[in-house]
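Engineer:
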Amino acid sequence: MNRITKTLCISVTALLAPAVLADTFVFTAIPDQDERRLTERFGKIADYLEQQLGVDVQYIPVKSYSAAVSAFRSDQVQMAWFGGLTGVQARQLVPGSQAIAQGVEDTAFTSYFIAHESTGLAPADALTDALRGKSFTFGSKGSTSGRLMPEFYLREQFGEAPETLFNRVGFSGDHSRTIALVESGAYDVGAVNYAVWDAGVEAGDIDTDAVQVIWETPAYPDYQWTIRGDADARFGDGFTQRVQQALLDMTDPDLLTAFPRSGFIPATNADYAPIEATAVTIGIMDAQ
Amino acid sequence: MTTRPLPRGTGAMRRTTGLFILLALLCLPWADIAVHTLAPGRELGRLAQGLLWPQWPTTRTLADAIASTLAFAFQGVALGAIAGFGLALLYRRRAVRWLAASLRAVHELFWALLFIQLFGLSALAGVLAIAVPYAGIFAKVYGELLEETDPAPRQALPANAGRLSSLMFTTLPQAWPNLAAYTRYRLECGIRSSAVLGFIGLPTLGYHLESLLRQGFYAEAAPFFYALLILIATQHRWCRGWMIPAMLLAALWWLPPVAPVNGALIWQFLTHDIVPAPLRSGMDALPWFMDLWQGQLWPGLINTLVLAMLSLVVMGLLGVMLFPTVSRLFGNRWTRGLSHGVLVILRSLPEYLLAFIALILLGPSMLPAIIALGLHNGAIIAHLIGQYSNTLVLRDDAARGLNRYFFEVLPRQFRLFLAFSLYRFETVIRETAILGMLGIPTLGFFIDSAFAEFRFDRAVMLLVASAVLNIAVDSFARRIRQRLHLQHKVQVC
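Top to bottom, those sequences are chains D and H. Using this note's numbering, read the first sequence as starting at 62 and increasing by one per residue. Using this note's numbering, read the second sequence as starting at 749 and increasing by one per residue.
(1) Per DSSP, what kind of secondary structure is tyrosine 281/D in: helix, strand or coil?
(2) Here's the rule I'm using: 16 or more other beta-carbon atoms within 10 Å means buried, otherwise exposed. How should alanine 826/H be labelled?
(3) Quick check on DSSP: helix, strand or coil for proline 223/D?
(4) Can you give me the C-alpha to C-alpha distance between phenylalanine 1204/H and glycine 874/H, rounded to a whole angstrom?
(5) Check for me: the alpha helix (DSSP H) holding methionine 1069/H runs from which residue to which?
(6) Contact criterion: CB-CB distance below 8 Å. Does histidine 1088/H meet it with respect to chain D?
(7) Would you say serine 127/D lies against chain H (beta-carbon separation less than 8 Å)?
(8) Excluding five sequence neighbours on each side, which residues of the same chain lie with their C-beta closer than 8 Å to the C-beta of alanine 1225/H?
(9) Expressed to the nearest angstrom, what Euclidean distance is found between the alpha-carbon atoms of aspartate 315/D and lysine 105/D?
(10) Can you tell me whether glycine 164/D is buried or exposed? The criterion is at least 16 other CB atoms within 10 Å of its CB, across all chains shown.
(11) Please compile the residues from chain H whose C-beta is within a distance smaller than 7 Å of the C-beta of glutamate 244/D.
(12) Quick one: what's got a C-beta closer than 8 Å to leucine 905/H's C-beta in the same chain, skipping five residues either side?
(13) On the CB-based measure, 16 or more other CB atoms within 10 Å of its CB, does glycine 115/D come out buried or exposed?
(14) So, with DSSP's three-state summary, where would you put threonine 66/D?
(15) DSSP has phenylalanine 86/D in a bridge; who is on the other side?
(16) What does arginine 35/D touch in chain H if you count any residue whose Cβ is under 7 Å from its own?
(17) Compare the C-beta of isoleucine 345/D against all C-beta atoms of chain H and say whether one is closer than 8 Å.
(18) Can you find a C-beta in chain H that's less than 8 Å from the C-beta of alanine 90/D?
(19) Compute the Euclidean distance between the alpha carbons of histidine 784/H and leucine 192/D, then round it to the nearest angstrom.
(20) With a threshold of 8 Å between beta carbons, is alanine 292/D in contact with chain H?
(21) With a threshold of 8 Å, are at least 3 pairs of Cβ atoms found where one atom belongs to the segment 1037 to 1051 of chain H and the other to the segment 851 to 866 of chain H?
(22) Can you grab the Cα-Cα spacing for the pair serine 1113/H / glycine 759/H, in whole Å?
(23) My guess is that isoleucine 980/H and serine 1059/H are in contact by the Cβ rule of under 8 Å, so how many angstroms apart are they, rounded?
(24) Rounding to the nearest angstrom, what Cα-Cα distance links arginine 303/D and glutamine 119/D in this structure?
(25) Would arginine 940/H pass as a contact of proline 1098/H if the rule is Cβ separation under 8 Å?
(26) With 9 Å as the limit, tell me which residues of the segment 1110 to 1129 of chain H have their beta carbon closer than that to any beta carbon of chain D; keep them in chain order.
(27) If you drop the 5 nearest sequence neighbours on each side, which residues of the same chain put their C-beta closer than 7 Å to that of valine 1074/H?
(28) Tell me, which residues are paired with valine 274/D by DSSP?
(29) With H, G and I counted as helix, E and B as strand and the rest as coil, what does DSSP make of phenylalanine 1075/H?
(30) Could you run through the segment 805 to 831 of chain H and flag, in chain order, every residue whose CB is less than 7 Å away from some CB of chain D?
(31) I'd like to check one pair, histidine 956/H with alanine 813/H: are the Cβ atoms closer than 8 Å?
(32) Between serine 206/D and chain H, is the shortest Cβ-Cβ distance under 8 Å, so that the two count as touching?
(33) Determine the chain H residues that contact phenylalanine 103/D at a beta-carbon separation under 7 Å, and present them in chain order.
(34) To be precise: take each residue of the segment 1201 to 1230 of chain H, compare its Cβ to all Cβ atoms of chain D, and keep it if any distance is under 7 Å. Which residues remain?
(35) Helix, strand or coil for isoleucine 351/D? Go by DSSP, reduced to three states.
(36) Straight-line CA distance for arginine 134/D to phenylalanine 1202/H?
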């Protein structure tokens, strides 16, 4: 299939067609940005993987972080581009599944805390008491860079839950929305994925007079490609390895800048142990 | 000349109304009603502009979304009606009544979240999400309709006539017109429910509405918005006779209700995932439960009640204020036509969608939810009372204007108003819980969090709490209706 027909095939009804399940390798991704960006980004990836693997490959969009994990769990997709936390959740729900590749940037990912200009908050080396009583928005409830790590550092700094620290805590749903909400002043402060922010600033989509970065978290591991453990049984011996190789071999800047990542490197489940520990610490995951 | 005497018991009605208003006022200090966007007017302007100058999607996208919306609605309602009829035949049994009450006490969206865990994001999950709660509703309404049939023909049957013959030849023929009319009406509700399921990822009109509205693409969202409005507003015109079975067959062809059924997954969900975590690991369950109670159950319950009380009173106020605008006793043809149009729009659109739009405009607080619930339900009440008021016959020299409203019409309609409002109480509570999924910290907020954290044990606990709250409110409202001798029944979704 050429690119145009492929893009047209990214239909939301596709997920419900039983035929999809037969011999097509289907993947999804957490919807961390505007839908248009996701379609652009992953439509190209599907084309690339199809070329490299010699099987039909399809990308299916989902509505929420948890829907991506659910689709992975019920085998409607065999691979996904997960965040740190969703990846840990998914691999816990589907025993045998493994992280196979992460972005070069994902070994040391960070979150930005961003603030509306009306708050008077200025960039600083640490979170200060000036944050108290402000309104604050996370991204998705299941986001690593938009919820898990920011909440962890808030609790570490202030020793209390965000709900008592701020006068209002919201969950915007994705990073694009978090930026829009803080930019418009609907929330005073927000936490956002640094890569989405930097790409937005570079593209001129963000009014940096209205909203600016006030703090950056320490580094942590984030996004990764996770594949189901039964992929080899279904698509042939060595399939998982071929998928991994295809991802690592991705060098076309056109494909990579859409993420945005400079390239992919191997990853393992163990790389994400710190994420799991953090999730247990802030109480959004039960200790296993 | 037929002026009806004022009904008895007006004192009790006044006291009940006063009590509800007082309760709502007491809720006010706990309610979070503030506007948090800096320029809601500008956003509203952009929305209006988008609605006036819609940008059309590809025909394929729009047609797909409409077809899927109808397919989920028809299959869900059909399956719900069949199951509900089966339950209705046994409706005299207490266990069946309880089962039906619990099925309908959980909102379609919550059922959908559960079924998506079992069957993935599949056609089957969507169909069941509508069918299961609707079966509970059908069981109740069908049960009552069957009970209300005249027993005389049944008693005239020979003694050895079987139960099936009795049902087929005496009960069913009598109840049939009402059963059919109600089922047709439920289809309208089904279309609304189906559209709302799109908000969590099923490919209906709501899917596109959610994405586009959230990103502020109002012009692109407008066609989907109009499609939903037209489907619901015209439903009673095209959805009749042979069209219904034809549509159902088409629905089965378009979206076969199948799913990748994974027995092991379902078994694990039922025997492991929903078992409270401390029981699984053999730890003490009390701290776990207390944590859940203090952090989620209690605040969720309080916020649900606060929001519901305020919405109920706003609904009542709007209902009382708006009904004259569609009544033949007031205004002229033009004002009535205009009001009718506005009320049809408000009651056609699901509360969930209205709240979603209001949240975008006003920012996150209880205010958008109160506005959405008040407008939608107030429009329903105003429409119903307006209809009934047309049957009033006033003296030729009856007062006009405000005097007519306050001293002639409102007192005569007040009993009806109270009956309808109490009927809406349960619906308002149900919808209030679900609005939590939009970020208002009612029970739905915590249920959504539990699903996002894949902690199904907590999710089920919270779902049970919301179901118990619904059942309690329903029986409370029924008790008041009985005390006030309010007999008027109304079944609206």
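Heads up, the beta-carbon is just placed ideally off N, CA and C, and yes, glycines get one too. As the structure is a prediction and not an experimental result, all values here were calculated from the model.
Structural biologist: On the basis of the coordinates in this document:
(1) The count along the first sequence starts at 1 and reaches residue 281/D at position 220. Looking at tyrosine 281/D - three-state DSSP - the assignment turns out to be strand.
(2) For the purposes of this step, residue 826/H is taken as the residue at position 78 of the second sequence. Alanine 826/H is buried by the Cβ-count criterion.
(3) Taking the first residue of the first sequence as position 1, residue 223/D is located at position 162. The three-state secondary structure of proline 223/D, taken from DSSP, is helix.
(4) Taking the second sequence and counting its residues from 1, the one referred to as residue 1204/H is at position 456. Taking the second sequence and counting its residues from 1, the one referred to as residue 874/H is at position 126. If you take the alpha carbons of phenylalanine 1204/H and glycine 874/H, they lie about 19 Å apart.
(5) On the second sequence, residue 1069/H is found 321 positions in, with the first residue counted as 1. Residues 1046 to 1070.
(6) Working through the second sequence from its first residue, we reach residue 1088/H at position 340. Not one chain D Cβ lies under 8 Å of histidine 1088/H.
(7) The count along the first sequence starts at 1 and reaches residue 127/D at position 66. Output row for serine 127/D: interface = yes.
(8) What you label residue 1225/H is simply residue 477 of the second sequence in a count that begins at 1. The residues are Leu1170, Tyr1171, Phe1173, Glu1174.
(9) Here residue 315/D is taken as the residue at index 254 of the first sequence, counted from 1. Here residue 105/D is taken as the residue at index 44 of the first sequence, counted from 1. Roughly 9 Å separates the two Cα atoms.
(10) Position 103 of the first sequence, counted from the first residue, corresponds to residue 164/D. Buried.
(11) In the first sequence, the residue the question calls residue 244/D occupies position 183. Those within 7 Å of glutamate 244/D in chain H number zero; the least Cβ separation is about 10 Å.
(12) Here residue 905/H refers to the residue found at position 157 when the second sequence is read from its first residue. Within its own chain, the residues whose Cβ lies closer than 8 Å to the Cβ of leucine 905/H, once the five positions on either side in sequence are excluded, are Ser913, Ser914, Phe917, Thr918, listed in chain order.
(13) Numbered from 1 along the first sequence, position 54 holds the residue referred to as residue 115/D. By the 10 Å Cβ count, glycine 115/D comes out exposed.
(14) Here residue 66/D is taken as the residue at index 5 of the first sequence, counted from 1. Its pLDDT being 37, under 50, threonine 66/D is placed unreliably in this model, and the value from its coordinates should be taken loosely. Threonine 66/D: helix per DSSP, three-state reduction.
(15) The sequence position of residue 86/D within the first sequence is 25, counting from 1. Looking at the DSSP output, phenylalanine 86/D bridges to Val118/D.
(16) Residue 35/D is absent from the structure shown; chain D starts at 62 and stops at 349.
(17) Your numbering for residue 345/D matches position 284 in the first sequence. Yes, contact with chain H.
(18) Stepping through the first sequence from its first residue, residue 90/D is reached at position 29. Chain H, which has no Cβ nearer than 8 Å to the Cβ of alanine 90/D, makes this no.
(19) Stepping through the second sequence from its first residue, residue 784/H is reached at position 36. Stepping through the first sequence from its first residue, residue 192/D is reached at position 131. Annotation: histidine 784/H to leucine 192/D spans about 17 Å, alpha carbon to alpha carbon.
(20) The residue you call residue 292/D lines up with position 231 of the first sequence. Answer no: the Cβ-Cβ gap between alanine 292/D and chain H never drops below 8 Å.
(21) Output reads no: the segment 851 to 866 of chain H does not touch the segment 1037 to 1051 of chain H.
(22) To locate residue 1113/H, count along the second sequence from 1; it is residue 365. To locate residue 759/H, count along the second sequence from 1; it is residue 11. Near 36 Å, if we compare the C-alpha coordinates of glycine 759/H and serine 1113/H.
(23) Reading the second sequence from its first residue, position 232 is the one you call residue 980/H. Reading the second sequence from its first residue, position 311 is the one you call residue 1059/H. The distance from the Cβ of isoleucine 980/H to that of serine 1059/H is about 21 Å, inconsistent with a contact at the 8 Å cut-off.
(24) Working through the first sequence from its first residue, we reach residue 303/D at position 242. Working through the first sequence from its first residue, we reach residue 119/D at position 58. For the pair arginine 303/D and glutamine 119/D, the Cα-to-Cα distance works out to about 17 Å.
(25) Counted from its first residue, the second sequence places residue 940/H at position 192. Counted from its first residue, the second sequence places residue 1098/H at position 350. Against a cut-off of 8 Å, the Cβ pair of proline 1098/H and arginine 940/H comes out as a contact.
(26) The segment 1110 to 1129 of chain H vs chain D, Cβ under 9 Å: Gly1111, Pro1112, Ser1113.
(27) Start at 1 with the first residue of the second sequence, and residue 1074/H comes out as number 326. Beyond the five residues adjoining it in sequence on each side, valine 1074/H comes within less than 7 Å, by CB distance, of Arg1084, Ser1087, His1088, Leu1091, Ala1130, His1131, Gly1134 in the same chain, given in chain order.
(28) Here residue 274/D refers to the residue found at position 213 of the first sequence. Answer by DSSP bridge pairing, in chain order: Ile175/D.
(29) Walking along the second sequence from the start, residue 1075/H turns up at place 327. Looking at the sequence provided, one finds serine at residue 1075/H rather than phenylalanine. In the structure shown, serine 1075/H sits in coil (DSSP, three-state: anything other than H, G, I, E or B).
(30) Residues passing the 7 Å Cβ filter: Asp812, Ser816.
(31) The count along the second sequence starts at 1 and reaches residue 813/H at position 65. The count along the second sequence starts at 1 and reaches residue 956/H at position 208. Between alanine 813/H and histidine 956/H, the C-beta spacing is below 8 Å.
(32) As a position in the first sequence, residue 206/D is number 145, starting the count at 1. By this cut-off, serine 206/D is not an interface position.
(33) For the purposes of this step, residue 103/D is taken as the residue at position 42 of the first sequence. Within chain H, no residue comes near phenylalanine 103/D; the closest Cβ sits about 15 Å away, beyond 7 Å.
(34) Of all residues in the segment 1201 to 1230 of chain H, Glu1201, Phe1202, Arg1203 have a Cβ within less than 7 Å of some Cβ in chain D.
(35) Only positions 62 to 349 of chain D appear in the structure, and residue 351/D is not among them; the question remains open.
(36) Sequence index remark: in the first sequence, residue 134/D carries index 73 (1-based). Sequence index remark: in the second sequence, residue 1202/H carries index 454 (1-based). So the alpha carbons of these two residues sit roughly 11 Å apart.
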